[in-house]
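Here the structure comes first, spelled out in structure tokens, and everything after it is commentary.
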Amino acid sequence: MRIVVTGGAGFIGSHLVDRLIKEGHAVQVIDNLYTGNKDFVNPKAEFVELDIRSSELYSTLELFKPDYIFHQAAQTEVTTSMNNPMLDCDINLMGLINLLNVSVKLDIKKFLMPSSAAVYGNLTTLPLDETMTGNPSSFYGLTKLTAEHYLRIYHESYGLQYICYRYSNVFGPRQGNGGEGGVISIFSKAISQDDSIVIYGDGEQTRDFIYIDDVVEANILGMQSQFNGIYNVSTNIPSSINLLVDEFRSISHKNIDVVYEKPRLGDIRDSVLATEKSERDLLFRAKCNLHDGLVKTYTYFNK
Ligand SMILES: NC(=O)c1ccc[n+]([C@@H]2O[C@H](COP(=O)([O-])OP(=O)(O)OC[C@H]3O[C@@H](n4cnc5c(N)ncnc54)[C@H](O)[C@@H]3O)[C@@H](O)[C@H]2O)c1
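Residue numbers for the sequence shown follow the UniProt record's numbering, beginning at 1 and rising by one.
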């Protein structure tokens with residue numbers, strides 16, 4: 001198949017490109033290197049340095065003739081979205097609409113992109129399932145929620161086949177500090193440099209951490225499935241930040257110095273996402289446990 005991956009120089013996109021290349025697909029990466037790294041792009045992929053908002057997007061993709069588009073490019077930082085809502089909206093919505101229009105014109109087979117657990121806002125009924133949406137507490141969450149509706153309406157109005165994933169907290173090699181789920185990469189880097197780590201709150205808050213290879217697998221299954229709609233991609237297992245520190249102590253054999261600071265405004269206490277729908281429709285089940293994922297991630301950052 002011929003596949004375009006936007007954001008293919010970023011954390012999640014670059015792992016997805018590696019897997020698609022491994023499976024024998026022809027891959028074109030569209031990325032403006034806003035947070036991405038060209039060194040992460042698989043040399044067997046065609047790399048085009050381009051902004052998803054560009055008017056050249058149509059002619060570029062028309063030449064490549066994609067069957068599928070995985071749209072991973074985004075402004076991913078909650079703080080940036082709060083400081084510059086216009087930029088967040090421009091990349092995450094105007095960029096998306098540009099790509100959706102191109103997808104319809106080129107009559108692609110399927111459009112796959114991530115939304116985020118941020119769309120659940122401060123809902124406290126756990127686990128969070130795909131029928132629920134809360135009031136996002138950031139503009140990033142709001143543009144992701146709006147993106148879900150753009151996909152639905154492009155599907156209903158123009159027949160665009162799509163899957164929109166609500167990823168929980170993804171982690172693994174190549175992850176930057178800024179975007180979502182960055183706590184594990186931040187801790188890995190600090191611990192490998194013998195720095196202390198900072199926990200906001202008492203550390204008993206929980207998150208649903210999922211390893212990158214599992215997220216890539218969910219994308220592959222979504223591409224092959226006949227289904228459309230929204231799917232959580234998670235483990236359904238809550239892990240506290242204090243548990244992460246315990247794991248890091250045993251993996252690194254280091255005495256990690258932890259500084260506890262006041263909880264940050266807007267941080268939610270617990271987040272765990274239901275997996276029934278993706279298990280039933282996509283036959284997706286996360287395989288990598290937290291410990292094994294942390295070993296691989298720490299080893300990467302400790303190089
Ligand atoms: N990492 C997580 O835990 C997580 C959780 C939920 C959702 N997501 C979503 O997954 C996707 C990938 O996130 P990531 O963690 O890999 O982030 P990332 O910052 O590593 O990757 C984003 C990529 O998009 C590129 N990009 C940004 N703006 C662009 C533009 N205007 N034109 C072209 N390229 C552009 C960047 O250069 C980068 O390579 C994003 O949509 C993000 O919102 C991530």
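Yeah, the Cβ is synthetic: ideal placement off N, Cα and C, and Gly gets one too.
A quick note: this is a predicted structure, and the numbers were derived from the prediction, not measured.
Taking a C-beta distance under 8 Å as the contact criterion, Ala-45 and Val-17 qualify as a contact pair.
Put simply, of Glu-279, Thr-143, Asn-302 and His-291 the residue whose alpha carbon is nearest the alpha carbon of Glu-130 is Glu-279.
Here the C-alpha atom of Tyr-165 lies approximately 12 Å from the C-alpha atom of Glu-217. A Cβ-Cβ contact shorter than 8 Å links Gly-229 with Ile-163. CA-to-CA, the gap between Thr-6 and His-25 works out to about 15 Å. Judged by beta-carbon spacing, Asn-37 lies beyond the 8 Å limit of Glu-49, meaning their Cβ atoms are not closer than that value. Sorting Gln-28, Leu-112 and Leu-243 by C-alpha distance to the C-alpha of Tyr-167 places Leu-112 at the top. Beta-carbon to beta-carbon, Tyr-140 and Leu-128 are separated by about 17 Å, too far to satisfy the 8 Å threshold. Ranking Thr-235, Leu-294 and Ile-91 by CA distance to the CA of Lys-277 puts Thr-235 first.
Look at Thr-206 here: in three-state DSSP terms it is strand. Under the DSSP assignment, Val-258 falls in the beta strand (DSSP E) whose first and last residues are 258-261. In the structure shown, Ser-239 falls within a strand segment according to DSSP collapsed to helix, strand and coil.
Annotation for Asp-88: Gln-75, Thr-80, Ser-81, Phe-139, Tyr-140 and Thr-143 place their beta carbon closer than 8 Å to its own, counting only its chain and skipping 5 residues before and after. Shown here, Asn-169 sits in a strand according to DSSP, grouped into three states. Judged by DSSP in its simplified three-state form, Glu-49 adopts strand. In the three-state DSSP reduction, Ile-97 falls in the helix class (H, G or I). The alpha carbon of Lys-296 has as its nearest neighbour, out of Pro-238, Ile-210 and Arg-264, the alpha carbon of Ile-210.
Our two residues, Ala-274 and Val-233, have alpha carbons roughly 9 Å apart in a direct line. Distance from the C-beta of Pro-66 to the nearest heavy atom of ligand 1 is not below 7 Å.
With a contact defined as Cβ atoms closer than 8 Å, Leu-160 and Leu-100 qualify at about 7 Å.
Of the candidates Tyr-200, Lys-105, Ser-239 and Asn-84, Tyr-200 places its Cα closest to the Cα of Val-258. Boundaries of the alpha helix (DSSP H) around His-149: 139-158.
Scanning Asp-107, Ile-21, Ile-12 and Gly-8 for the CA closest to the CA of Val-215 turns up Ile-12. Take Asn-135, set aside five residues on each side of it, and the residues of its chain with a beta-carbon closer than 8 Å to its own are Gly-121 and Asn-122, in chain order.
Not a single heavy atom of ligand 1 lies less than 7 Å from the C-beta of Asp-88. Secondary structure at Val-233: strand, using DSSP grouped into helix, strand and coil.
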